[in-house]
Amino acid sequence: MRLHTTLFICLALVGLSTNSYAKSQAFVGATIIPIDGPQIQNGTLLIEDGKITAVGARDKVRIPRGTDIVELSAEQVIMPGIVDSHSHIGEVSGADRSHPIQPETRAYDSINIRSSGFKRALSGGITSANIMPGSGHLISGQTVYVKLRDGNGIDELVYRNEDGSVAGGLKMANGTNSLRASPFPGTRAKSAALVRAQYIKAQEYAAKMANDDADKRPARDLGMETLAQVMSGDRTVHFHSHRHDDMLTAIRLRDEFGFNMVLHHTSEAWRIADEIAAAKVPVSMILLDSPGGKLETMELANKNAVALENAGAVVAFHTDDGVTDSRYFLRMAAMGIRAGMSEEAALLGLTQVGADMLDIGDRTGSLTPGKDADFVILSGKPFSVYTRVQQTWVEGQKRFDIQDPEDKLIAEGGFNALSDDDGGGHVHHFEEHAGHGAVQ
Amino acid sequence: MNFSLNLRQIKRSTIALLVMAIALFSSTTFAQDLLVKAERLYIGTGEMIENGAVLIKDGKIAQVGSASSIRVGDDVEVIEVAVATPGLIDARSTVGLSGAKNQPHDQDQLERSAAIQPELRAIDAYNPRETLVEWLREHGVTTVHTGHGPGEVVSGQTLISKTAGNTVTQSVIKPSFGLSATLGPDATRHDRSTPGNRSKAVALLRAELQKAKEYKAKLDNGEEQARDLGLEAFAAALSGDMPIVIEVHRHHDIMTAMRLAEEFGFKLILSGASEAYLLIDEILAAKVPVIIHPTMMRSYGGNGKQHASFTTAARLVEAGVEVALQSGYEGYVPKVRVVLFEAAMTLGHGLDFNQALHLITMAPAKMLGIDNRVGSLEVGKDADIALFNGDPFEYTTNVVGTIIDGERVSNTVR
Numbered sequence: 002m003r004l005h006t007t008l009f010i011c012l013a014l015v016g017l018s019t020n021s022y023a024k025s026q027a028f029v030g031a032t033i034i035p036i037d038g039p040q041i042q043n044g045t046l047l048i049e050d051g052k053i054t055a056v057g058a059r060d061k062v063r064i065p066r067g068t069d070i071v072e073l074s075a076e077q078v079i080m081p082g083i084v085d086s087h088s089h090i091g092e093v094s095g096a097d098r099s100h101p102i103q104p105e106t107r108a109y110d111s112i113n114i115r116s117s118g119f120k121r122a123l124s125g126g127i128t129s130a131n132i133m134p135g136s137g138h139l140i141s142g143q144t145v146y147v148k149l150r151d152g153n154g155i156d157e158l159v160y161r162n163e164d165g166s167v168a169g170g171l172k173m174a175n176g177t178n179s180l181r182a183s184p185f186p187g188t189r190a191k192s193a194a195l196v197r198a199q200y201i202k203a204q205e206y207a208a209k210m211a212n213d214d215a216d217k218r219p220a221r222d223l224g225m226e227t228l229a230q231v232m233s234g235d236r237t238v239h240f241h242s243h244r245h246d247d248m249l250t251a252i253r254l255r256d257e258f259g260f261n262m263v264l265h266h267t268s269e270a271w272r273i274a275d276e277i278a279a280a281k282v283p284v285s286m287i288l289l290d291s292p293g294g295k296l297e298t299m300e301l302a303n304k305n306a307v308a309l310e311n312a313g314a315v316v317a318f319h320t321d322d323g324v325t326d327s328r329y330f331l332r333m334a335a336m337g338i339r340a341g342m343s344e345e346a347a348l349l350g351l352t353q354v355g356a357d358m359l360d361i362g363d364r365t366g367s368l369t370p371g372k373d374a375d376f377v378i379l380s381g382k383p384f385s386v387y388t389r390v391q392q393t394w395v396e397g398q399k400r401f402d403i404q405d406p407e408d409k410l411i412a413e414g415g416f417n418a419l420s421d422d423d424g425g426g427h428v429h430h431f432e433e434h435a436g437h438g439a440v441q
Numbered sequence: 016m017n018f019s020l021n022l023r024q025i026k027r028s029t030i031a032l033l034v035m036a037i038a039l040f041s042s043t044t045f046a047q048d049l050l051v052k053a054e055r056l057y058i059g060t061g062e063m064i065e066n067g068a069v070l071i072k073d074g075k076i077a078q079v080g081s082a083s084s085i086r087v088g089d090d091v092e093v094i095e096v097a098v099a100t101p102g103l104i105d106a107r108s109t110v111g112l113s114g115a116k117n118q119p120h121d122q123d124q125l126e127r128s129a130a131i132q133p134e135l136r137a138i139d140a141y142n143p144r145e146t147l148v149e150w151l152r153e154h155g156v157t158t159v160h161t162g163h164g165p166g167e168v169v170s171g172q173t174l175i176s177k178t179a180g181n182t183v184t185q186s187v188i189k190p191s192f193g194l195s196a197t198l199g200p201d202a203t204r205h206d207r208s209t210p211g212n213r214s215k216a217v218a219l220l221r222a223e224l225q226k227a228k229e230y231k232a233k234l235d236n237g238e239e240q241a242r243d244l245g246l247e248a249f250a251a252a253l254s255g256d257m258p259i260v261i262e263v264h265r266h267h268d269i270m271t272a273m274r275l276a277e278e279f280g281f282k283l284i285l286s287g288a289s290e291a292y293l294l295i296d297e298i299l300a301a302k303v304p305v306i307i308h309p310t311m312m313r314s315y316g317g318n319g320k321q322h323a324s325f326t327t328a329a330r331l332v333e334a335g336v337e338v339a340l341q342s343g344y345e346g347y348v349p350k351v352r353v354v355l356f357e358a359a360m361t362l363g364h365g366l367d368f369n370q371a372l373h374l375i376t377m378a379p380a381k382m383l384g385i386d387n388r389v390g391s392l393e394v395g396k397d398a399d400i401a402l403f404n405g406d407p408f409e410y411t412t413n414v415v416g417t418i419i420d421g422e423r424v425s426n427t428v429r
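Chains as they are written, first to last, in our numbering: chain A, 2 to 441; chain B, 16 to 429.
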């Protein structure tokens, strides 16, 4: 019986590897932007069993016998799968309206992977995403790092830490979004005080949990446990912050409690670019077509990207989907270039830098041999309005193909293209507020 | 006292206001003669002149042609750019009423006290110094059709304005262009008990239009009646002087809008129209112009927007429907869209360069009835020009300046 089972598993594995992954595949002839090195004209990308095995000029890469060869044109571009360091796809939720601090809530427990948001992301070339709860809380819950591979449940899509636990960060926010009626804070100082008090509690909790005598440890507290993970550096804080002073407050909190932290949105980063660079805090940035929509984004500017680049800060981009649509994420980096950012930094901001922020930079983010075969085939230059995403590959599997009518419908929109609940749960909430004049 | 006012009087007073506005405007902004030279000069009629030039005198276009054919004296200021196009036109917006801050005090695009208020005039709320008006101006948008927004069955009147000028009197082109209306779920998403659904919204609107019909009949017969500002506005719509711009997204709401237009004989302009691609034959047959939603409109909300397509503009244009693009209304960040970017998104989705440019220049000029003044770089028209350092639609190109009525109103690089 045991033997049969083993045999069956072996057969299943053989079946899996032949069905899901062609033994090896070579994509030849396109311009390759590997990110970890200079662009390659007329290049070859070789993949096998879901991993990248070789990248280089066509005449330099040896293609093994039996390899499937995909011929591409010189106009086409292959770049790494895009990493979205801040997204709200999958109808994600976290904290509810009962309290401003809810680190025990997990995005992981809320995500609908069949929401068309996942397909929209793939059609925009995104292969990895940090899916986050909203920003209406000081601490709105645990985020989850997801690979957009095929699967029937979120468990099949999540990145995992070395111990097998689900990889993700903690969403925090300051500024106006979390200023509401009690028990939410009414001012910025109160916001910071509430957060500090909670982390101090968590420090005490962690100290007690470290007691050698198990009987003297306190009862397990899911929220405290999460904050303890943050302070031990095991869970990165993704801190929503717009105004210059709010970002400095976030850095001050980081320094007091020893977080790993990424600043998100950062509308006024151009005002404190030197401080951000000196604090060595990475920035996950959004660029938008106009300022405003709330007070703290009045000074949002596309020059943010170049200001931080010039200051030597680390910059990635994010969609904040549904604030912007994952289907045209490439465009956002182009808007950074429009305001003066270098093309090189813009490409990094879509790939390796975002991956590093999620601690998945050794798995994805560049076309480096040994990394997952996550890549995108574009019809032309990445930052041209005339360019379309043609194919998106995740771990050696084609997950989006513009030639497939169903995929094309998602990419272009149309009747029944998107599921009813797709997109902007987070934004919708604030729009509703704005409509009633209740936004702070 | 006689409160009656016939339509001819309304029209006459509107024209008088317009003439006064133009007179005031021109007298304060007579600019120096200006020559704009562009390596690629897009006229707006589909024609492109390589190394072209536009000579501007007294705020109007005096000459257009190849740069070598236009000779000017030393006193003429010369601007040289890579690309110039006609000033861009935003066919439907709420800028100037829906402010950037999104705070109660700067949100004048929607009055929630009643479902039908055609008497509300955009000119009484339009703030020409609003941040977002400046934002559009800096992106080459020189004319905007703006005013009360979607969200109530009839939310008020719209106006057409240039994006420069310190007062609405200086900037306005048409003080009252049309009525802003909404059908479908967006019109019933409010805190009141009524209208609570589609049928009720339409019933309320039909009842008002019926009243307006009777009001108009009395006006036409010269009968005395108490003046009613709302019915007066509706009467202008029924007589064809004021189109009703109806925001609709679902296919059956589009059909409802066209049914109402047929019943009451008003001039209909569809706005938004996410599912217009399902009804191309019907829209063509009814000869209804469509101001398509921003290409990048957020496609959620359960009112049909989730069926929006990046290819709608291309499909309607190909079928021969009269189409223009809009910035629309945004309730959150980003607070306004820019038609330059929205038109850019139609490239790669079925439209070519000239078609995309048309949607934000001549097409809206014609649809708004202002093509005698704006929309193309032709002799005699207002000197409204957008300046670029490359292909206007490429994301990585900058708008480097904007000229309105012959005056350089923006030097900001965007």
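Ideal Cβ placement from N, Cα and C applies to all residues, glycine included.
Between the stretch 387-408 of chain A and chain B, which residues of the former have CB atoms less than 9 Å from a CB of the latter, in chain order? Tyr387, Thr388 and Arg389
Compare the C-beta of Ser327 of chain A against all C-beta atoms of chain B and say whether one is closer than 7 Å. no
Is there contact here, the stretch 104-119 of chain B with the stretch 72-89 of chain B, by at least three beta-carbon pairs under 8 Å? no
The alpha helix (DSSP H) enclosing Leu434 of chain B, as first and last residue numbers: The structure shown does not extend to residue 434 of chain B, since chain B spans only 16 to 429, so no value can be given for it.
Validate contact between the stretch 275-288 of chain A and the stretch 200-220 of chain A using beta carbons, cut 8 Å, 3 pairs: no
Would Thr310 of chain B count as contacting chain A if we go by Cβ distances under 7 Å? no
In this structure, does DSSP put Ser42 of chain B in helix, strand or coil? For Ser42 of chain B, the pLDDT reaches just 45, beneath the cut-off of 50, and the residue's location in the model is therefore unreliable, leaving the point undetermined.
Please name the residue, chosen from B:Gly365, B:Ala358, B:Leu366 and B:Tyr410, that lies closest to Thr376 of chain B on a Cα-to-Cα basis. B:Ala358
Reduced DSSP category for Thr188 of chain A - H, G, I as helix; E, B as strand; rest coil: coil
What residue from B:Glu153, B:Ser83 and B:Leu293 has the CA that sits closest to Lys177 of chain B's CA? B:Glu153
Please classify Arg204 of chain B: does DSSP put it in a helix, a strand, or coil? coil
If the cut is a Cβ gap below 8 Å, which residues of chain B does Met336 of chain A touch? Tyr410
Per DSSP, which residues does Ala174 of chain A bridge with? Please list them. A:His241
Indicate whether the contact test is met: 3 or more Cβ pairs, each with one atom in the stretch 157-171 of chain A and one in the stretch 181-191 of chain A, closer than 8 Å. no
Drop a sphere of 10 angstroms on the beta-carbon of Gly211 of chain B, count the other beta-carbons inside from all chains shown, and report buried for 16 or more, exposed for fewer. exposed
Nearest to Gln353 of chain A by alpha carbon, out of A:Pro35, A:Lys24 and A:Phe28? A:Pro35
Can you tell which of A:Ala356, A:Ile403, A:Asp423 and A:Thr388 has its C-alpha closest to the C-alpha of Asn131 of chain A? A:Ala356
Helix, strand or coil for Phe376 of chain A, going by three-state DSSP, please let me know. strand
Note down the Cα distance separating Leu139 of chain A from Asp322 of chain A, rounded to an integer number of angstroms. 20 Å
Those runs of the alpha helix (DSSP H) which lie wholly inside the stretch 91-152 of chain A and span at least 4 residues: 117-124
At a CB-CB cut-off below 7 Å, which residues of chain B make contact with Thr298 of chain A? Val348
From the DSSP output, read off the bridge partner residues of Arg423 of chain B. B:Ile418
Spatial neighbours of Ala374 of chain A within its chain, please: C-beta separation below 7 Å, excluding the five flanking residues on both sides. Ile48, Gly51, Lys52, Ile53, Trp394, Glu396 and Gly397
Cβ of Ser13 of chain B less than 7 Å from any chain A Cβ? This structure cannot speak to residue 13 of chain B, because chain B is shown only from 16 to 429.
Indicate whether the contact test is met: 3 or more Cβ pairs, each with one atom in the stretch 127-145 of chain B and one in the stretch 173-187 of chain B, closer than 8 Å. yes
Apart from the five residues just before and just after Gly245 of chain B, which ones in its own chain have a Cβ nearer than 6 Å to its Cβ? Pro133 and Glu134
Under the three-state reduction of DSSP, which class applies to Tyr141 of chain B: helix, strand or coil? coil
Report all residues from its chain with a CB closer than 7 Å to the CB of Leu174 of chain B; omit the five preceding and five following residues, and keep chain order. Ala137, Ile138, Tyr141, Thr161, Gly162, Val187, Lys189, Pro190, Ser191 and Phe192
Suppose the cutoff is 6 Å on Cβ atoms and the five residues either side in sequence are ignored; what does the same chain contact list for Val1 of chain A look like? Residue 1 of chain A is absent from the structure shown; chain A starts at 2 and stops at 441.
Does the beta-carbon of Gly366 of chain A have 16 or more other beta-carbons within 10 angstroms, so that it is buried, or is it exposed? buried
Beta-carbon of Gly142 of chain A versus every beta-carbon of chain B: anything under 7 Å? no
Identify, in the order they occur along the chain, each residue of the same chain with its Cβ nearer than 6 Å to the Cβ of Ala99 of chain B, setting aside the five sequence neighbours on each side. Val51, Ala53, Leu56, Ile400 and Leu402
Spatial neighbours of Gly319 of chain B in its chain, beta-carbon cut-off 6 Å, leaving aside the 5 residues before and after: His264, Arg265, Ser289 and Glu290
Quick one: grab the DSSP three-state call for Pro101 of chain B. strand
Do you know whose CA, among A:Ile102, A:Thr320 and A:Ser25, lies nearest Ile70 of chain A's CA? A:Ser25
Rounded to whole angstroms, how far is the Cβ of Ala398 of chain B from the Cβ of Ile104 of chain B, which I believe are closer than 8 Å? 15 Å between Cβ atoms; not a contact.
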